[in-house]
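Asker: Basically our numbering = 1-based index in the sequence shown + 15. Think of the CB as a built atom: it goes at the ideal place given N, C-alpha and C, for glycine as much as any other residue. One structure, as structure tokens, below. Some questions next.
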Amino acid sequence: MPDELRIEADADLVRTLLRAQAPQWGGLPLERVTSAGVNNTLYRLGDRLSIRLPQTEWAAGHIRKEHRWLPRHAPRLPLDIPTAVFTGAAGDGFPWPWLVCRWLEGADAVASPVSDERAAGRALAGFVGALQGIPTAGGPRAGLHSGLRGTPLPVRDGVVRRALGHLDGTFDTGAATALWESAIRVPAWRRAPVWVHSDIHPGNVLVRDGVPGAVIDWELLSVGDPALDVMAAWTFLSSAGRETFREELPVDDDTWARARGWALCVGVIAADYYEGSNPVLAGFSRQAATEAIADFERGR
């Protein structure tokens, strides 16, 4: 979306918004939060709050979605998720809604990797299983709002092959192509859709005491194929954690194979697109694709 208006709110704009709409917090310390994310601007507000401001209209749609659904999901999940305490409106030079949420303790898994892979596998399996068990009535089906994650894998064939073409020479594109061609032949999910986060990776999991404590950045939330969160087996975990994850979470073979295909799809697209602009995101995306290829070649 190259022509889309993009605004990265600076601290002065944030303070203006707070003074106008939430003056009770206008005097609290404000600190920009760095992350591997690309669609929102984040600030810590005092000790207990955070502010999330979308950078585009597309991201603003996610703010609205999260405001509706996350408070309903939070009590049902074993890990913390962001919950809004205030929803700001457009105004004062900022054209979209924005959120004030409670601050979630922990560092993302990029800065603070898990120390116990098997415990991490158990924690994520419990989280994904609980999310899948939440009733889906009225939930948003996968589509443009979820970055097309959750659409049938063959829909992504062209963009995956273009990314592999760009990565040729720096990546085992032959093995990747073999995995991809196998994955797009796997039958699509035909049973009842489930809730999926769709983007569980090291930048979106907060680690506390060496294990996952919270899952953030729910902009791709949708109702659809469980494979979208099963792919955390590769986008977040390594082999030991992956083994425990599958032991703890009931997953049929086709869903496992689709999830591995999604890990490759998401991994190579992000590795290609963000190679120059966001090396952290590109790096762990490339690692996810590499893990998926290795498992495919071992028949796992």
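Consult DSSP for R315 and reduce its assignment to one of helix, strand or coil.
Answerer: Working through the sequence shown from its first residue, we reach residue 315 at position 300. The answer is coil: DSSP assigns R315 none of H, G, I, E or B.
Asker: Just verifying my parser: in three-state terms, what is the DSSP assignment at A24?
Answerer: Here residue 24 refers to the residue found at position 9 when the sequence shown is read from its first residue. Note: A24 maps to coil in three-state DSSP.
Asker: Rounded C-beta distance between W111 and P69? I'm assuming under 8 Å.
Answerer: Residue mapping note: residue 111 aligns to position 96 of the sequence shown, counting from 1. Residue mapping note: residue 69 aligns to position 54 of the sequence shown, counting from 1. About 5 Å; that satisfies the 8 Å criterion.
Asker: Measure the C-alpha to C-alpha separation of D267 and N293 and round it to an integer number of angstroms.
Answerer: Residue 267 sits at position 252 when you count from the first residue of the sequence shown. Residue 293 sits at position 278 when you count from the first residue of the sequence shown. Using only the alpha carbons, I get a separation of about 35 Å.
Asker: Just list the alpha helix (DSSP H) runs in the region 44-129, keeping only unbroken ones of 4 residues or longer that don't cross its boundaries, in chain order.
Answerer: The region 44-129 contains these whole alpha helix (DSSP H) runs: 72-88.
Asker: Per DSSP, what kind of secondary structure is D310 in: helix, strand or coil?
Answerer: Numbered from 1 along the sequence shown, position 295 holds the residue referred to as residue 310. The answer is helix: DSSP assigns D310 an H, G or I state.
Asker: Three-state secondary structure (DSSP) at V230?
Answerer: Residue 230 sits at position 215 when you count from the first residue of the sequence shown. In the structure shown, V230 sits in a strand (DSSP, three-state: E or B).
Asker: Are the beta-carbon atoms of T98 and L85 separated by less than 7 Å?
Answerer: For the purposes of this step, residue 98 is taken as the residue at position 83 of the sequence shown. For the purposes of this step, residue 85 is taken as the residue at position 70 of the sequence shown. Result yes, Cβ atoms of T98 and L85 sit closer than 7 Å.
Asker: If you draw a straight line from the C-alpha of E263 to the C-alpha of A255, how long is it?
Answerer: For the purposes of this step, residue 263 is taken as residue 248 along the sequence shown, with counting starting at 1. For the purposes of this step, residue 255 is taken as residue 240 along the sequence shown, with counting starting at 1. So the two alpha carbons sit approximately 13 Å from each other.
Asker: What distance in whole Å lies between the Cβ atoms of L94 and G218, which are believed to be in contact at a cut-off of 8 Å?
Answerer: Here residue 218 is taken as the residue at index 203 of the sequence shown, counted from 1. Here residue 94 is taken as the residue at index 79 of the sequence shown, counted from 1. About 15 Å separates the two Cβ atoms, so there is no contact after all.
Asker: Between A198, I199, V175 and V230, which lies nearest to T1 when the distance is taken from Cα to Cα?
Answerer: Look at the range of the chain in this structure, 16 to 315, and you will see that residue 1 is not part of it.
Asker: Would you identify the three-state DSSP class for L296, choosing helix, strand or coil?
Answerer: Working through the sequence shown from its first residue, we reach residue 296 at position 281. DSSP places L296 in helix when its eight states are reduced to three.
Asker: To the nearest angstrom, report how far apart G76 and P202 are at their CA atoms.
Answerer: Reading the sequence shown from its first residue, position 61 is the one you call residue 76. Reading the sequence shown from its first residue, position 187 is the one you call residue 202. If I take the Cα positions, the gap works out to 31 Å.
Asker: In terms of residues, what are the limits of the alpha helix (DSSP H) holding R257?
Answerer: As a working note, residue 257 is residue 242 in the sequence shown. That run of the alpha helix (DSSP H) goes S254 to E263.
Asker: According to DSSP, is L163 helix, strand or coil?
Answerer: Residue mapping note: residue 163 aligns to position 148 of the sequence shown, counting from 1. Coil, per DSSP.
Asker: So H82 and L114 are in contact, right, with Cβ under 8 Å, and what is the actual spacing, rounded?
Answerer: Here residue 82 corresponds to residue number 67 of the sequence shown, with the count starting at 1. Here residue 114 corresponds to residue number 99 of the sequence shown, with the count starting at 1. The pair is a contact, with the Cβ atoms about 7 Å apart (cut-off 8 Å).
Asker: By alpha-carbon positions, which one of H160, V295, W195 and D25 ends up nearest to K80?
Answerer: The sequence position of residue 80 within the sequence shown is 65, counting from 1. Of the candidates H160, V295, W195 and D25, the one whose C-alpha sits nearest the C-alpha of K80 is H160.
Asker: Whose CA, out of D214, W40 and P167, lies closest to the CA of C116?
Answerer: Here residue 116 is taken as the residue at index 101 of the sequence shown, counted from 1. Answer by Cα proximity: W40.
Asker: Compute the Euclidean distance between the alpha carbons of V211 and G61, then round it to the nearest angstrom.
Answerer: In the sequence shown, the residue the question calls residue 211 occupies position 196. In the sequence shown, the residue the question calls residue 61 occupies position 46. Going by the C-alpha atoms only, they are around 31 Å apart.
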